[in-house]
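Protein chains in written order, with the numbering used here: chain A, 1 to 198; chain B, 199 to 396.
Contents: one structure, followed by commentary.
Number of protein chains: 2
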Amino acid sequence: MSLYPAPFERLVEQLSKLPGVGSKSAQRMAFYFLRLSDQEAEAFASAITEAKRRVRRCEKCQNLTDQEVCPICASPKRDKRVICVVSEPRDVIALERSREYNGLYHVLHGVISPLRHMGPEDITARELLARLDGTVEEVIMATNPDTEGEATAMYLSRLIKPLGIKVTRIAYGIPVGSNLEFADDATLFRALEGRREI
Amino acid sequence: MSLYPAPFERLVEQLSKLPGVGSKSAQRMAFYFLRLSDQEAEAFASAITEAKRRVRRCEKCQNLTDQEVCPICASPKRDKRVICVVSEPRDVIALERSREYNGLYHVLHGVISPLRHMGPEDITARELLARLDGTVEEVIMATNPDTEGEATAMYLSRLIKPLGIKVTRIAYGIPVGSNLEFADDATLFRALEGRREI
Numbered sequence: 001m002s003l004y005p006a007p008f009e010r011l012v013e014q015l016s017k018l019p020g021v022g023s024k025s026a027q028r029m030a031f032y033f034l035r036l037s038d039q040e041a042e043a044f045a046s047a048i049t050e051a052k053r054r055v056r057r058c059e060k061c062q063n064l065t066d067q068e069v070c071p072i073c074a075s076p077k078r079d080k081r082v083i084c085v086v087s088e089p090r091d092v093i094a095l096e097r098s099r100e101y102n103g104l105y106h107v108l109h110g111v112i113s114p115l116r117h118m119g120p121e122d123i124t125a126r127e128l129l130a131r132l133d134g135t136v137e138e139v140i141m142a143t144n145p146d147t148e149g150e151a152t153a154m155y156l157s158r159l160i161k162p163l164g165i166k167v168t169r170i171a172y173g174i175p176v177g178s179n180l181e182f183a184d185d186a187t188l189f190r191a192l193e194g195r196r197e198i
Numbered sequence: 199m200s201l202y203p204a205p206f207e208r209l210v211e212q213l214s215k216l217p218g219v220g221s222k223s224a225q226r227m228a229f230y231f232l233r234l235s236d237q238e239a240e241a242f243a244s245a246i247t248e249a250k251r252r253v254r255r256c257e258k259c260q261n262l263t264d265q266e267v268c269p270i271c272a273s274p275k276r277d278k279r280v281i282c283v284v285s286e287p288r289d290v291i292a293l294e295r296s297r298e299y300n301g302l303y304h305v306l307h308g309v310i311s312p313l314r315h316m317g318p319e320d321i322t323a324r325e326l327l328a329r330l331d332g333t334v335e336e337v338i339m340a341t342n343p344d345t346e347g348e349a350t351a352m353y354l355s356r357l358i359k360p361l362g363i364k365v366t367r368i369a370y371g372i373p374v375g376s377n378l379e380f381a382d383d384a385t386l387f388r389a390l391e392g393r394r395e396i
């Protein structure tokens, strides 16, 4: 028998479904909600339903947006000849922060991962291929440099290359500002392999 | 400039107000919401508003309830001559779990803490005093054994004792199943001081 009132328990149950939230922190969060004013709680609840209702995928690049086409795809300033393929929306944010890239993106919303039962049909591979009309000259694979990201990049490149489009992969190497001493062997190997004349 | 759509950012902002949630985990949680079905998101949002709307304080013991009077206060089986004073609703749960106690409770919803600007008027001290009619014979102070819990117990006992009501404090000592070796000095001192003949 639970000793908290049922509506409280139901809130705890919902909160403990959140990623990284156990039953103790779910309880702490539920108490937080009880301390909010009615308006504050209402604002919170509607932030959830509004995000659900209004956030969708850009019909071109599949990134999150509240428009039909996201600001990047809609911008006349972006170079439409290059598409950078990333796994998650947060990767777009990271790349935009670098201010280095001026092309378009494509968000896969996942990677191919047999272990997690994610096949090519579970990522936006089909949508990517559909974008490769005459305009696109280069596709940059910017999935993570781990086994799954690597396999996903390989899989997609094998589909794209036959279309006569250049496919590239982001460079591996020592992170800027880090220390050679702490780099792992695989990274060092890749850093040496990818060396360039200065 | 934020690159996530505004309704998504508003959700992240709300989530990062939760206790123990930083901006990174708030983002992860927001993505979790986007993956929910509309019904699931709706259920989550309404768990918040329902808990706010329906959970209130028992008009007697101030514990959380969705009734006017909580099940413990309403039960004819509980001993109405004893009130156990605790700081938080979770302490009631803990004490009920021990199945040792059959009296009533009083939830202070905090402790007196000058550092956190919590005075006697910020806890339910007034409501406790109002309950001390002729029926109550003993008040057990079960606030936490830390400085603030101690000070709160002392403060309340000074108000209650003059009414001719017995005031007791839960025992200090070595936790059952723990190891003497790891007990701190203060606990060991209290355990010795509170020794009983066997």
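Built from N, CA and C at the ideal position, the CB exists for glycine as well.
*Quick one: give me the first and last residue of the beta strand (DSSP E) that ILE246(B) is part of.*
The count along the second sequence starts at 1 and reaches residue 246(B) at position 48. That residue, ILE246(B), is in no beta strand (DSSP E); its alpha helix (DSSP H) goes 236-252.
Which residues share a DSSP beta bridge with GLY301(B)?
For this step, residue 301(B) is matched to residue 103 along the second sequence. Looking at the DSSP assignment, GLY301(B) forms a beta bridge with ASP277(B).
- Closer than 7 angstroms by beta-carbon distance: list the chain B residues that pair up with ILE48(A), in chain order. Within the first sequence, residue 48(A) is the residue found at index 48, counting from 1. Ordered by position in chain B, the residues that pass the 7 angstroms Cβ test against ILE48(A) are LEU209, PHE231, ALA239, PHE242 and ALA243.
For this session: Check whether the Cβ of VAL374(B) sits closer than 7 angstroms to any heavy atom of the ligand ZN, and report yes or no.
Result: The ligand ZN is absent from the structure shown, which contains no ligands of any kind.
Quiz item: With THR247(B) and ALA45(A) assumed to form a contact (beta carbons below 8 angstroms), what rounded beta-carbon distance in angstroms separates them?
Solution: The residue labelled residue 247(B) in the question sits at position 49 within the second sequence. The residue labelled residue 45(A) in the question sits at position 45 within the first sequence. About 5 angstroms; that satisfies the 8 angstroms criterion.
Please confirm whether THR65(A) has its beta-carbon closer than 8 angstroms to some beta-carbon of chain B.
Position 65 of the first sequence, counting from 1, holds the residue named residue 65(A). Cβ-Cβ to chain B under 8 angstroms: yes for THR65(A).
Practice task
Taking only the alpha-carbon atoms, compute the straight-line gap between HIS315(B) and ARG255(B) and give it to the nearest angstrom.
Solution key: Residue numbering aside, residue 315(B) sits at position 117 when the second sequence is read from its first letter. Residue numbering aside, residue 255(B) sits at position 57 when the second sequence is read from its first letter. So the alpha carbons of these two residues sit roughly 22 angstroms apart.
### Query
Is the CB of ILE291(B) under 8 angstroms away from at least one CB in chain A?
Here residue 291(B) refers to the residue found at position 93 when the second sequence is read from its first residue. Taking Cβ atoms only, chain A reaches closer than 8 angstroms to ILE291(B), which makes this a yes.
inquiry  = Give me the chain A residues within the contact set of TYR202(B), using Cβ-Cβ distance strictly less than 8 angstroms, ordered along the chain.
reply    = On the second sequence, residue 202(B) is found 4 positions in, with the first residue counted as 1. Simply LEU64, PRO89 and ILE93.
Report task. Return the CA-CA distance between ALA381(B) and ALA43(A), expressed in angstroms with no decimal places. Result -> Translated into positions along the second sequence, residue 381(B) becomes position 183. Translated into positions along the first sequence, residue 43(A) becomes position 43. Spanning the two alpha carbons is a distance of roughly 46 angstroms.
Exercise. Which residues does DSSP pair with ILE338(B) in a beta bridge?
Worked result: Numbered from its first residue, the second sequence carries residue 338(B) at position 140. BP columns for ILE338(B) point to CYS282(B) and THR366(B).
Q | DSSP state of LEU64(A) mapped onto helix, strand, coil | A | Here the question's residue 64(A) lines up with position 64 in the first sequence. The answer is strand: DSSP assigns LEU64(A) an E or B state.
Next on the checklist: Any beta carbon of chain A sitting closer than 8 angstroms to that of MET227(B)?
Outcome noted: Here residue 227(B) corresponds to residue number 29 of the second sequence, with the count starting at 1. It does: the Cβ of MET227(B) has a partner Cβ on chain A nearer than 8 angstroms.
* For GLU348(B), which residues of its own chain have a beta-carbon under 8 angstroms away from its beta-carbon, when the five flanking residues on both sides are left out? -> Against the second sequence, residue 348(B) aligns to sequence position 150. Counting only Cβ-Cβ distances below 8 angstroms, and skipping sequence neighbours, we find THR341.
### Query
Residues of chain A with a CB under 9 angstroms from the CB of ASP236(B): which are they?
Counting from 1 along the second sequence, the entry for residue 236(B) is found at position 38. Within 9 angstroms Cβ-Cβ: THR49, LYS52 and ARG53.
Just tell me which of LEU132(A), GLU193(A), ASP133(A) and SER157(A) has its CA closest to the CA of MET141(A).
Sequence index remark: in the first sequence, residue 141(A) carries index 141 (1-based). Measuring from the Cα of MET141(A), the nearest candidate turns out to be SER157(A).
- What do you reckon, are the CB atoms on ARG324(B) and HIS304(B) nearer than 8 angstroms? Walking along the second sequence from the start, residue 324(B) turns up at place 126. Walking along the second sequence from the start, residue 304(B) turns up at place 106. Cβ distance not < 8 angstroms, so ARG324(B) and HIS304(B) don't count as in contact.
Based on the DSSP output, what are the partners of MET118(A) in its beta bridges?
Translated into positions along the first sequence, residue 118(A) becomes position 118. Paired residue(s): SER113(A).
DSSP three-state label for ARG97(A), please. Counted from its first residue, the first sequence places residue 97(A) at position 97. DSSP places ARG97(A) in helix when its eight states are reduced to three.
At a Cβ threshold of 8 angstroms, is PRO76(A) touching chain D? Within the model displayed, chain D is absent; protein chains A and B are what it includes.
Is it the case that the Cβ atoms of VAL253(B) and LEU34(A) are separated by a distance below 8 angstroms?
Working through the second sequence from its first residue, we reach residue 253(B) at position 55. Working through the first sequence from its first residue, we reach residue 34(A) at position 34. Cβ distance < 8 angstroms, so VAL253(B) and LEU34(A) count as in contact.
TODO: Answer with yes or no whether the minimum CB distance from LEU156(A) to chain B is below 8 angstroms.
DONE: As a working mapping, residue 156(A) is identified with position 156 in the first sequence. Answer no: the Cβ-Cβ gap between LEU156(A) and chain B never drops below 8 angstroms.
Review point. For the candidate residues GLY20(A), ASP79(A), CYS84(A) and SER23(A), whose alpha-carbon lies nearest to that of ASN63(A)?
Key: On the first sequence, residue 63(A) is found 63 positions in, with the first residue counted as 1. Here the closest residue by C-alpha is CYS84(A).
- Item | Contact set between GLU294(B) and chain A, taken where Cβ atoms lie within less than 8 angstroms | For the purposes of this step, residue 294(B) is identified with residue 96 of the second sequence, where counting begins at 1. By Cβ distance, chain A contributes LEU3.
For a quick check, are the C-beta atoms of LEU213(B) and ILE93(A) less than 8 angstroms apart? As a first step, residue 213(B) must be located in the second sequence, where it is residue number 15. As a first step, residue 93(A) must be located in the first sequence, where it is residue number 93. Going by C-beta atoms, LEU213(B) is not nearer than 8 angstroms to ILE93(A).
Collapsed DSSP secondary structure at ARG126(A) in the structure displayed
Taking the first residue of the first sequence as 1, we reach residue 126(A) at position 126. It is helical.
Q | CB of THR187(A) within 8 angstroms of CB of GLU138(A), strictly | A | Counting from one through the first sequence, the residue named residue 187(A) turns up at place 187. Counting from one through the first sequence, the residue named residue 138(A) turns up at place 138. No, they are not a contact pair.
For SER23(A), the first and last residue of its enclosing alpha helix (DSSP H): If you number the first sequence from 1, residue 23(A) lands on position 23. Run containing SER23(A): 23-35, per the alpha helix (DSSP H) assignment.
Within 10 angstroms of its Cβ, does SER273(B) collect 16 or more other Cβ (buried), or is it exposed? Within the second sequence, residue 273(B) is the residue found at index 75, counting from 1. Exposed: under 16 other Cβ atoms inside 10 Å.
Which of helix, strand or coil does DSSP assign to ARG393(B)?
Reading the second sequence from its first residue, position 195 is the one you call residue 393(B). Here ARG393(B) sits in coil by DSSP.
For PHE189(A), which residues from the same chain have a beta carbon less than 7 angstroms from its beta carbon, with the 5 sequence-adjacent residues on both sides left out?
Here residue 189(A) refers to the residue found at position 189 of the first sequence. No residues qualify anywhere along the chain.
For the putative contact between GLN27(A) and ARG288(B), defined by C-beta atoms under 8 angstroms, what is the C-beta separation to the nearest angstrom? Taking the first sequence and counting its residues from 1, the one referred to as residue 27(A) is at position 27. Taking the second sequence and counting its residues from 1, the one referred to as residue 288(B) is at position 90. That belief holds up - the Cβ atoms of GLN27(A) and ARG288(B) are roughly 7 angstroms apart, short of 8 angstroms.
TODO: Classify ARG255(B) as helix, strand or coil using the three-state DSSP reduction.
DONE: The sequence position of residue 255(B) within the second sequence is 57, counting from 1. Three-state DSSP puts ARG255(B) in a strand.
| request: Please say whether TYR353(B) and PRO19(A) have beta carbons closer to each other than 8 angstroms? | output: As a first step, residue 19(A) must be located in the first sequence, where it is residue number 19. As a first step, residue 353(B) must be located in the second sequence, where it is residue number 155. Cβ atoms of PRO19(A) and TYR353(B): not closer than 8 angstroms.
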